[in-house]
Each structure stands twice: as structure tokens, then as C-alpha cells.
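Since the structure comes first, as C-alpha cells, the remarks are kept for the end.
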Amino acid sequence: MELWLDEALELPNGRALKIKVKEFLHTRKTPFQKIDVFESEGFGRMFTLDGVVMMTEADEFAYHEMIAHVPMMSHPNPERVLVIGGGDGGTVREILKHPSVKEVHLCEIDKGVVDVCYEYFPEIANAMKDPRVKHAYEDGAKYVQDYKEYFDVICVDSSDPVGPAEVLFKRPFYETMAASLKKGGICTTQGESFYYHGKVIKELFQFIPQVFDHCGYYFTVVPTYPSGIIGFTYCSKGPDPYKVEPDPKRVPKGLKYYSAEMHKAAFTLPPFAQDYIVRK
660 MELWLDEALE LPNGRALKIK VKEFLHTRKT PFQKIDVFES EGFGRMFTLD GVVMMTEADE
720 FAYHEMIAHV PMMSHPNPER VLVIGGGDGG TVREILKHPS VKEVHLCEID KGVVDVCYEY
780 FPEIANAMKD PRVKHAYEDG AKYVQDYKEY FDVICVDSSD PVGPAEVLFK RPFYETMAAS
840 LKKGGICTTQ GESFYYHGKV IKELFQFIPQ VFDHCGYYFT VVPTYPSGII GFTYCSKGPD
900 PYKVEPDPKR VPKGLKYYSA EMHKAAFTLP PFAQDYIVRK
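Per this note's numbering, the sequence shown starts with residue 660, numbered consecutively.
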């Protein structure tokens, strides 16, 4: 009998991502969510949270490279970095490819995600064992309140705006991030798909330009995310994202998706998506 995964996130809207599963590897229920790990036919090993695809081995690089390297390459010397969420370790892995980094704070609310990824995705997750990485298992919105003008870069590698991640899409959280960034600091956040989630993006840009000196929205292409496209907000107390000229000499070796050219191209949106974005 064939086994297929129907992702639950878009089913109420009449849309489904269907992935053939070769083997069911693991399940656990944490205080926050249900974690399942599969071996899939077309995307390699993957895991879901409450039935929603979080990561697959086949396409994770397109997400992790873009959430991390766009802010890291926009900052002249990123030394202190905070990752909120990101318990799979992919964003931390990419951040550590920059030699300027002295410390990375990983704040993941659900330690179960980290534990599962250490066991089933070691090539991605083991970056979190680097001695420069400081772990905190708590609410990221509260964690960041304890750091004033401390971080150079913040990456919010969150799930969608439901449950424990809902607070990460609200103005008070963005205000707290702005206060925790040093002068010239930059944060990027998971910003949903401009095909499916225009309302969410519009709501974000009703307040982001009031909180940060510069802001923007860029995207990457990930086949297993809703619509195949996932975007990011770019919020800056320093460089204007539309004027950044990434130095090709600083680009880490061996990347599969990010490049200086892709960095700039990712901010070019189709006209209908541009209508969601408000800039100063």
C-alpha cells in the first residue's frame, strides 16, 4: 500500500502538497507540537510539525542560505547573531560560514525539535554543537527583551503565524528586535508566500516601516513550501536593502542558492506582490 503525506496547512483553502513517503521514521508529541520524521520518495528525509512540512533534505538549502546570507552579507562585520526558532540547525550552519562571527544565540522554544534533528538530520543539525553557539529553550519574543543594542544580525526562522509563532508576526516583537540590534543592525524574518499570504504580508508592512529605518521583502524558491515560494522581511537600522552591493569575495564557498547576484535579484517582486510592500 502506498503512503502519501498531505500537508495540512493549505487544505482548508483547497490546496494540498502531496508527497510520497517511503518510510515513517519517528513521531513524538512535545508540549508545543507533534513532530514527525519521514523518508520521502522525492525529497529525501523530511520532518513536519503538526502536519506542516518544515524541512526536507532536497531543498532546505534554498531557504537557509537566503534567510542567513542576505543579512550577513548586508552587514559589514557581523559578530553577534541571534537565531529565533531554527531548531533544525540549518540557519546556524549558514551563519557560521562567516569568519567574523564570534557568537550565535539559538533561541528555540521547543527543545524536542533540536533533539529530533540531532538524531535524524545530523549533517544539518550538528552545526548547533559549535562552541560559538549558545542555546536557550524559551520564547524568543521574551528572550530578545534581555539584550539591548547587542546583536548585529537577527534571523527569525519561525513557523507560520499560528500557535507559539503567532507573536513573532506582531509589532511589539519587531520593536523589541529593533531595540536589541546595535546601530547598523539587520534582522530578517520568515515572511510567508506572496502568492498565498498577501494579507499577512500587508499587515506586517503596516508597521515595519514605522519601526525600522529601512525595510524590504525578498524571496526564495522552495518546492515543498506553500506555493513553492517563501519570502522574508528585511528590517534594518543601517543599510537600505535595495542599495546593498554584496561583495562577491565575502560569499562563503560551496553555496547552492545564494550568490551576490541572487541577493539583489531576490528583492525584485512581481507587480502584484509589490503592492503588499510599504517602504519609506
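In this text, a Cβ means the ideal position worked out from N, Cα and C, and glycines have one as well.
In this text, all values refer to a predicted model and were calculated from it rather than measured experimentally.
Does DSSP put residue i in a helix, a strand or coil?
i, result
"K681", "strand"
"I726", "helix"
"E753", "helix"
"L835", "Before going on, a small fix: residue 835 reads as Thr here, not Leu. Reduced to three states, the DSSP call for T835 is helix."
"F720", "helix"
"L662", "strand"
"L670", "helix"
"F702", "coil"
Which first and last residues belong to the alpha helix (DSSP H) in which residue i is found?
i, result
"L827", "Element bounds for L827: n/a, residue is neither H nor E."
Taking buried to mean at least 16 other C-beta atoms within 10 Å of its own C-beta, is residue i buried or exposed?
i, result
"G844", "buried"
"H685", "exposed"
"A924", "exposed"
"K679", "exposed"
"F683", "exposed"
"Q849", "buried"
"L741", "buried"
"K896", "buried"
"F832", "buried"
"G745", "buried"
"F995", "Absent from the model: residue 995. The displayed extent of the chain is 660 to 939, so no value can be given."
"D934", "exposed"
"L662", "exposed"
"R752", "buried"
Which stretch, first to last residue, makes up the beta strand (DSSP E) that contains residue i?
i, result
"V742", "739-744"
"F697", "693-699"
"V937", "Counting along the chain, V937 falls outside any beta strand (DSSP E), and DSSP gives it neither H nor E."
"T689", "Here T689 belongs to no beta strand (DSSP E), and DSSP marks it neither H nor E."
Distance cutoff 9 Å, beta carbons only. Does residue i sit that close to anything in chain D?
i, result
"V751", "Here there is only one protein chain, and chain D is not present."
Complete runs of the beta strand (DSSP E) confined to the segment 756-822 [at least 3 residues]
762-766, 792-795, 810-816
Tell me the start and end of each unbroken beta strand (DSSP E) in the segment 842-927 that is at least 3 residues and wholly inside, in chain order.
873-880, 888-895
Inter-stretch contact at 8 Å, needing at least 3 Cβ pairs: the segment 881-889 / the segment 861-869:
no
When the Cβ atoms of the segment 721-735 are set against those of the segment 795-805, are three or more pairs found closer than 8 Å?
no
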